[in-house]
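Heads up: the structure comes next, in C-alpha coordinates.
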Amino acid sequence: MEEDYKNNIGFLIHDVARLMRNLFDKRMSELGLTRSQWWILNYLYFNEGINQSEFAKLLDLEKAPLSRLLDRMEKKGWIIRKSDKVDKRIKTVFLSKKIKPIIIKMRDKAQQTRQEALSNLSYIEDQNLRHYLKRIKETLVNKS
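Positions in the sequence shown are counted from 1; adding 8 to them yields this note's numbering.
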(Lines of atoms letter the chains of each structure in order from A; the text may use other names.)
(Lines give C-alpha, C1' and ligand atoms only; values in the text may rest on other atoms or scores of the structure.)
Protein backbone atom coordinates (compact mmCIF):
# COMPACT_ATOMS: atom_id res chain seq x y z
CA MET A 9 0.00 0.00 0.00
CA GLU A 10 1.37 3.41 -0.98
CA GLU A 11 1.67 6.01 1.71
CA ASP A 12 -0.39 9.18 1.34
CA TYR A 13 2.24 11.93 1.18
CA LYS A 14 -0.25 14.42 2.65
CA ASN A 15 -0.14 12.45 5.89
CA ASN A 16 3.60 11.72 5.80
CA ILE A 17 5.13 13.19 8.97
CA GLY A 18 8.31 14.23 7.15
CA PHE A 19 6.37 16.17 4.51
CA LEU A 20 4.09 17.73 7.12
CA ILE A 21 6.97 18.95 9.30
CA HIS A 22 8.87 20.20 6.26
CA ASP A 23 5.84 22.02 4.81
CA VAL A 24 4.90 23.67 8.11
CA ALA A 25 8.51 24.81 8.65
CA ARG A 26 8.74 26.09 5.06
CA LEU A 27 5.46 28.02 5.30
CA MET A 28 6.41 29.60 8.63
CA ARG A 29 9.88 30.46 7.32
CA ASN A 30 8.43 32.06 4.17
CA LEU A 31 6.00 34.18 6.20
CA PHE A 32 8.80 35.17 8.56
CA ASP A 33 11.09 35.99 5.60
CA LYS A 34 8.43 38.38 4.33
CA ARG A 35 8.14 40.07 7.72
CA MET A 36 11.91 40.29 8.15
CA SER A 37 12.32 41.84 4.69
CA GLU A 38 10.21 44.74 6.02
CA LEU A 39 13.04 45.26 8.53
CA GLY A 40 15.67 45.00 5.80
CA LEU A 41 16.89 41.55 6.90
CA THR A 42 17.65 38.56 4.70
CA ARG A 43 17.04 34.99 5.82
CA SER A 44 20.74 34.46 6.58
CA GLN A 45 20.86 37.66 8.62
CA TRP A 46 17.78 37.02 10.74
CA TRP A 47 18.82 33.40 11.23
CA ILE A 48 22.24 34.43 12.57
CA LEU A 49 20.84 37.30 14.65
CA ASN A 50 18.27 34.99 16.22
CA TYR A 51 20.83 32.36 17.19
CA LEU A 52 23.17 35.06 18.46
CA TYR A 53 20.35 36.56 20.55
CA PHE A 54 20.17 33.27 22.47
CA ASN A 55 23.92 32.52 22.40
CA GLU A 56 25.60 35.91 22.71
CA GLY A 57 29.32 35.69 23.40
CA ILE A 58 29.70 32.35 21.62
CA ASN A 59 32.97 31.77 19.79
CA GLN A 60 32.87 31.53 16.01
CA SER A 61 33.82 27.84 15.87
CA GLU A 62 31.05 26.84 18.26
CA PHE A 63 28.65 29.16 16.42
CA ALA A 64 29.44 27.41 13.12
CA LYS A 65 28.70 24.03 14.75
CA LEU A 66 25.46 25.32 16.26
CA LEU A 67 24.30 26.64 12.88
CA ASP A 68 25.59 23.56 11.04
CA LEU A 69 27.67 25.82 8.77
CA GLU A 70 31.26 25.65 7.64
CA LYS A 71 33.50 28.22 9.32
CA ALA A 72 34.37 30.17 6.12
CA PRO A 73 30.79 30.93 4.99
CA LEU A 74 29.85 31.95 8.53
CA SER A 75 32.90 34.19 8.73
CA ARG A 76 31.89 35.94 5.49
CA LEU A 77 28.35 36.49 6.78
CA LEU A 78 29.69 37.85 10.06
CA ASP A 79 32.12 40.13 8.17
CA ARG A 80 29.19 41.74 6.35
CA MET A 81 27.15 42.08 9.54
CA GLU A 82 30.13 43.58 11.36
CA LYS A 83 30.56 46.16 8.57
CA LYS A 84 26.91 47.16 9.05
CA GLY A 85 27.62 47.62 12.76
CA TRP A 86 25.20 44.87 13.80
CA ILE A 87 27.68 42.61 15.58
CA ILE A 88 30.96 42.94 17.43
CA ARG A 89 33.69 40.29 17.37
CA LYS A 90 36.24 40.22 20.15
CA SER A 91 39.48 38.27 20.33
CA ASP A 92 39.96 35.89 23.22
CA LYS A 93 42.40 37.25 25.81
CA VAL A 94 44.38 34.00 25.94
CA ASP A 95 44.14 32.83 22.31
CA LYS A 96 43.80 35.75 19.87
CA ARG A 97 42.72 33.36 17.08
CA ILE A 98 39.46 32.68 18.92
CA LYS A 99 36.76 35.28 18.21
CA THR A 100 33.61 35.67 20.28
CA VAL A 101 30.52 37.25 18.75
CA PHE A 102 28.17 39.79 20.34
CA LEU A 103 25.17 41.83 19.21
CA SER A 104 25.86 45.55 18.95
CA LYS A 105 23.72 48.26 20.53
CA LYS A 106 22.84 49.41 17.00
CA ILE A 107 21.01 46.16 16.18
CA LYS A 108 19.11 45.84 19.49
CA PRO A 109 16.05 47.88 18.34
CA ILE A 110 15.82 45.70 15.22
CA ILE A 111 16.15 42.57 17.37
CA ILE A 112 13.18 43.73 19.47
CA LYS A 113 11.08 44.18 16.31
CA MET A 114 12.33 40.85 14.98
CA ARG A 115 11.35 39.03 18.19
CA ASP A 116 7.89 40.70 18.11
CA LYS A 117 7.34 39.58 14.51
CA ALA A 118 8.53 36.07 15.38
CA GLN A 119 6.02 35.90 18.23
CA GLN A 120 3.26 37.15 15.91
CA THR A 121 4.18 34.51 13.31
CA ARG A 122 4.13 31.70 15.89
CA GLN A 123 0.79 32.88 17.31
CA GLU A 124 -0.76 32.96 13.85
CA ALA A 125 0.60 29.52 12.99
CA LEU A 126 -0.80 28.00 16.19
CA SER A 127 -4.03 30.02 16.34
CA ASN A 128 -6.25 27.04 15.47
CA LEU A 129 -4.88 24.95 18.34
CA SER A 130 -6.13 24.92 21.90
CA TYR A 131 -3.65 25.50 24.69
CA ILE A 132 -3.51 21.75 25.39
CA GLU A 133 -3.02 20.93 21.69
CA ASP A 134 -0.23 23.51 21.50
CA GLN A 135 1.51 22.02 24.54
CA ASN A 136 1.08 18.47 23.21
CA LEU A 137 2.48 19.46 19.82
CA ARG A 138 5.58 20.97 21.45
CA HIS A 139 5.98 17.89 23.65
CA TYR A 140 5.77 15.48 20.71
CA LEU A 141 8.11 17.52 18.52
CA LYS A 142 10.68 17.65 21.33
CA ARG A 143 10.47 13.87 21.72
CA ILE A 144 10.91 13.34 17.98
CA LYS A 145 13.84 15.75 17.95
CA GLU A 146 15.45 13.99 20.92
CA THR A 147 15.09 10.62 19.20
CA LEU A 148 16.71 11.94 16.03
CA VAL A 149 19.51 13.73 17.90
CA ASN A 150 20.33 10.47 19.66
CA LYS A 151 20.55 8.70 16.28
CA SER A 152 22.94 11.30 14.85
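From the three backbone atoms N, C-alpha and C, an ideal C-beta is built for every residue, glycine too.
{"Asked": "Nearest residue (CA-CA) to Lys108, options Glu146, Ile88, Arg80", "Found": "Ile88"}
{"Asked": "Rounded separation between Asp23 and Phe54 - CA only", "Found": "25 Å"}
{"Asked": "Unbroken beta strand (DSSP E) run spanning Lys90, endpoints", "Found": "87–91"}
{"Asked": "Proximity test, Pro109 beta-carbon vs the ligand MN heavy atom, cut-off 6 Å", "Found": "As presented, the structure is devoid of all ligands, the ligand MN included, so that no description of it is given."}
{"Asked": "Where Leu41 falls: helix, strand or coil (DSSP)", "Found": "coil"}
{"Asked": "Coil, strand or helix - Val149 by DSSP", "Found": "helix"}
{"Asked": "Burial state of Val101 (16 or more Cβ within 10 Å)", "Found": "buried"}
{"Asked": "Alpha carbon of Ser130 to alpha carbon of Leu141, nearest angstrom", "Found": "16 Å"}
{"Asked": "First and last residue of the uninterrupted alpha helix (DSSP H) at Leu78", "Found": "71–83"}
{"Asked": "Distance between Leu148 and Ile98 (C-alpha atoms, nearest Å)", "Found": "31 Å"}
{"Asked": "Cβ-based neighbour list, Ile110, same chain, cut-off 7 Å, excluding 5 preceding and 5 following", "Found": "Leu39"}
{"Asked": "Closest by C-alpha distance to Asp116, when choosing among Gly85, Met36, Trp86", "Found": "Met36"}
{"Asked": "Residues sharing a beta bridge with Val24, DSSP", "Found": "According to DSSP, Val24 bridges with nothing at all."}
{"Asked": "Whether Leu77 touches Ser44 by CB criterion (7 Å)", "Found": "yes"}
{"Asked": "Residues bridged to Lys99 (per DSSP)", "Found": "Ser91"}
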